[in-house]
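This report concerns only the one structure given below.
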Amino acid sequence: MAKIRKASKNDAIFRRSWAEIPGAPSPESFGFVTKENNSDKANAALNPYYLPYHQHYLTYPAIDKGAYLSIQTTHPSLLQIGWITMLVPFNWPAGDYTVRIRIAGNEHATPDRRFLEFGINPNNNGLPLSTHEVTGTMENPQVIEIPLTMTRKHTDRADRMLFIRERGTADTNERMSTIIQEARKRNGLGPEMALWVDWMEIERMPYPATPPPALAALDLPLDDKAPAPDRETLRTGLSRFAAMAFRGKTVPPSYLDGLVKYYEMRRSSGDKPGVALKETLAVVLSSPGFLYLAEPATDEIRRPLTGVELATRLSYFLWSAPPDVELRTLAAKGELARPEVLAAQTNRLLNDPRSAEFVHAFVYQWLGMDRLDFFQVNQVLHPRFTNGMKLAARDEVYETISQILRQAPACGIS
C-alpha cells in the first residue's frame, strides 16, 4: 500500500489501484455493480457533500426491509431514491397483468406528498400512466393494485421497464430546485423521505375462461397435438369464423371452398393441424371483407342500411370493434331498426367498458383536450400541480362524460 500510495497523485488514483493489492476485495463485493468505474463511485460516496445525506437516509425506520422514494438529489448510482423499477421479462407475452406495491407514508408524508406515480420507462422523465393516493402508514401499509395491459409493441427494454416514484419528482427542474433548497434551509440536508416501499410485484392474469367470440364460433382446436378435423367439420367451423370476421355478412360457398383447399394444401406441405388452421384463419383476416367496411349500392341512389350494416355502424361508432352476437342476432331478425330496440342497444353499448375508446376520442376532439398540453402552469407559484395531476384532470373529464352518457336516455340515431 505504501508503494501504491507513493505512486498515486491523489486519493482517487490510489483507490483505483485496489487490484494491485493481493487478496483485496473488489468494489463489487460492497455493492458497486454498475458498468462505470466502480472505484470512482466509491470515491464519490465518500464526498463530504453526499455522506451526511447517506447517513441521514440510514436513520429512517424499516430501512432494512424496504426502500424510500423522494426527490433525486444525488446521482442514482450513489443513492437511488428517485424511482424504483421492475423489468417485465421479455418472454412474458402480451396480455393483462396486475402490478402490486406495498407502500406506506411516514411522518414526513404531508398530504401533498402522499401520492405515487406509476408508468413505463422512467428515462427522460417519462410521463406517468396513473397516480395513486397513499393512505397506508408504517404500522399498517397498504397494497396498491394497478391493472396493466402489455401489447405486442412492448418489445424493447424501455417499453418493459415499469417504474414507481413520488408524484411530481420528475417535473420541471425549477420546481424541484425550489423544493430542494427549501428542504436544505429547513434541515441542512435535503428533502425528507416520505414514501416507504416494502415490495413491488407483477402477476400475469389468466386468460378468460371462455375464448374470444370468433374462436368460440370456430370451435376447432388450435393445438398442434389435436387431430385434424374432417372436411365437413372444418368447413362448418370456417364458415362460422368467417361470418363473424365479415360482421354477419353471408360468406360465399366458393370462398369457403378456397379456404378448405388452402388448409389441405398446407397439411400436404407438412404443416401440423394447428399451424395449417392458423394460416387459413390468417387468410380470412387479410381478406377485404374483414379489412374494409363496405355498404355497396347498385345505383347512385341512397338506400336504407340493412340490419347488419346498422349493427356494424353502431358497434364501430361506440366500441371501435365489430358487433357482438346480441347485436348481430337482432340485426338478422330485423329488430334493430325499431327505435326502442336501437335505443336499448345504444344504452347497452355505452354502459360497456369498451365504450371508453369512443368517449376518449370524441371528448378529446370536442373539448380540445390537447390544449391541456399547451398550457404550462407556473409550478413555483402552484407547487402542488404536477404532471400526474394534469393526467388526473384529463381522466376526470373523460369519466364525467362517461357517467353522463350512461345515465342519459339514448337518443334516436339516424
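Here my numbering = 1-based position in the sequence shown + 15.
Backbone N, C-alpha and C fix where the C-beta goes; we use that ideal spot for every residue, glycine too.
| Asked | Found |
| --- | --- |
| Please classify residue 316 as buried or exposed, where buried requires at least 16 other C-beta atoms within 10 Å of its C-beta. | exposed |
| Please list the terminal residues of the continuous alpha helix (DSSP H) segment that includes residue 70. | 66-72 |
| Please state whether DSSP places residue 178 in a helix, a strand or coil. | strand |
| What did DSSP end up calling residue 245 once you bin it into helix, strand or coil? | coil |
| Is it buried or exposed for residue 278, if we count other Cβ within 10 angstroms and need 16 for buried? | buried |
| For residue 147, count the other beta carbons within 10 Å of its own beta carbon; 16 or more makes it buried, fewer makes it exposed. Which is it? | buried |
| For residue 146, which residues does DSSP report across the bridge? | 132 |
| Would you mind working out which of 44, 116 and 19 sits nearest residue 210, comparing C-alpha positions? | 116 |
| Quick check: the stretch 235-244 against the stretch 127-138, are there 3 or more CB pairs under 8 Å? | no |
| In chain order, what residues of the same chain have a beta carbon less than 7 Å from the beta carbon of residue 160, not counting five sequence neighbours either side? | 113 and 115 |
| Given a cut-off of 9 Å on the beta-carbon distance, is the pair residue 387 and residue 408 in contact? | yes |
| Quick check: the Cα distance between residue 347 and residue 273, rounded to an integer number of angstroms? | 26 Å |
| Does DSSP put residue 375 in a helix, in a strand, or in coil? | helix |
| Applying the 10 Å Cβ sphere with the 16-neighbour rule, what's the burial state of residue 104? | exposed |
| Using the beta-carbon count (16 or more within 10 Å), is residue 138 buried or exposed? | exposed |
| When the Cα atoms are used, what is the spatial distance from residue 341 to residue 252? | 20 Å |
| Kindly give me the distance between the Cβ atoms of residue 255 and residue 233, rounded to whole angstroms, as I take these residues to be in contact under 8 Å. | 6 Å |
| Put residue 23 into one of helix, strand or coil per three-state DSSP. | coil |
| Quick check: what's the CA-CA separation for residue 428 versus residue 357? | Unreliable positioning characterises residue 428 in this predicted model, as indicated by a pLDDT of 40, which lies under 50. The coordinate reading is nonetheless provided below. About 8 Å. |
| What would DSSP say about residue 49, mapped onto helix, strand or coil? | Its pLDDT being 47, under 50, residue 49 is placed unreliably in this model, and the value from its coordinates should be taken loosely. Coil at residue 49, not helix or strand. |
| Please report the residue range of the alpha helix (DSSP H) in which residue 234 lies. | That residue, residue 234, is in no alpha helix (DSSP H); it is neither H nor E in DSSP. |
| What's the call for residue 180, buried or exposed, on a 16-neighbour Cβ count within 10 Å? | buried |
| What do you reckon, are the CB atoms on residue 82 and residue 95 nearer than 9 Å? | yes |
| Using a 10 Å radius around the Cβ and a threshold of 16 neighbouring Cβ atoms, would you call residue 401 buried or exposed? | buried |
| Is the beta carbon of residue 327 sitting closer than 9 Å to the one on residue 311? | no |
| Under 6 Å Cβ to Cβ from residue 244, same chain only, skipping five residues before and after it: list those, please. | 235 |
| Can residue 288 and residue 242 be called in contact, C-beta distance under 9 Å? | yes |
| Please go through the same chain and pick out, in chain order, the residues whose beta-carbon is closer than 7 Å to the beta-carbon of residue 134, but skip the five residues on each side of it. | 141, 142, 143, 144 and 178 |
| Would you kindly check if the distance between the Cβ of residue 250 and the Cβ of residue 230 is under 9 Å? | no |
| Name the DSSP beta bridge partners of residue 162, please? | 113 |
| Can you tell me where the alpha helix (DSSP H) with residue 346 in it begins and where it stops? | 340-347 |
| Please state if the CB of residue 416 and the CB of residue 378 are separated by a distance shorter than 9 Å. | yes |
| Taking 9 Å as the threshold (C-beta atoms), are residue 176 and residue 100 in contact? | yes |
| In angstroms, rounded to a whole number, what distance separates the CA positions of residue 410 and residue 418? | 12 Å |
| Indicate the three-state DSSP secondary structure (helix, strand or coil) for residue 120 in the structure shown. | strand |
| Please return the same chain residues whose Cβ sits closer than 7 Å to the Cβ of residue 266, not counting the five positions on each side in sequence. | 254, 257 and 258 |
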